[in-house]
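To start, the structure under review is shown below, and the notes come after it.
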Amino acid sequence: MLVARGVAVDWECFKRVFLEKYFPESVRHAKVAEFMRLHQGGMSVSDYAMRFKHLTRLYSQAIFEA
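Under UniProt numbering, the first residue of the sequence shown is numbered 1, with each subsequent residue one higher.
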């Protein structure tokens with residue numbers, strides 16, 4: 001638990017405020033849409049895998065917040 005200005009801040013409160021400020025809902029929705037449209041196309045397998053892993057992390061975060 002964090003203490004800010006004499007007020008206890010739990011993890012859920014910190015996470016909510018942090019995400020609202022630095023990763024707004026509009027960006028999260030855009031990343032989810034990007035994940036859903038992802039296809040390899042002309043990317044190498046390693047580039048595709050790297051992009052997939054990055055977007056999967058963001059997409060799974062959005063699912064758990066819902």
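All C-beta atoms, glycine included, are put in the ideal place defined by N, C-alpha and C.
What distance in whole Å lies between the Cβ atoms of residue j and residue i, which are believed to be in contact at a cut-off of 8 Å?
i   : j   : result
L55 : F35 : 4 Å
F23 : L38 : Incorrect: roughly 19 Å between the Cβ atoms, too far for contact.
K21 : L58 : The Cβ separation is near 17 Å, so there is no contact.
At which residue ranges does the UniProt domain "Retrotransposon gag" (8 to 60) contain complete alpha helix (DSSP H) runs of 4 or more residues, listed in the order of the chain? 11 to 22 and 25 to 37
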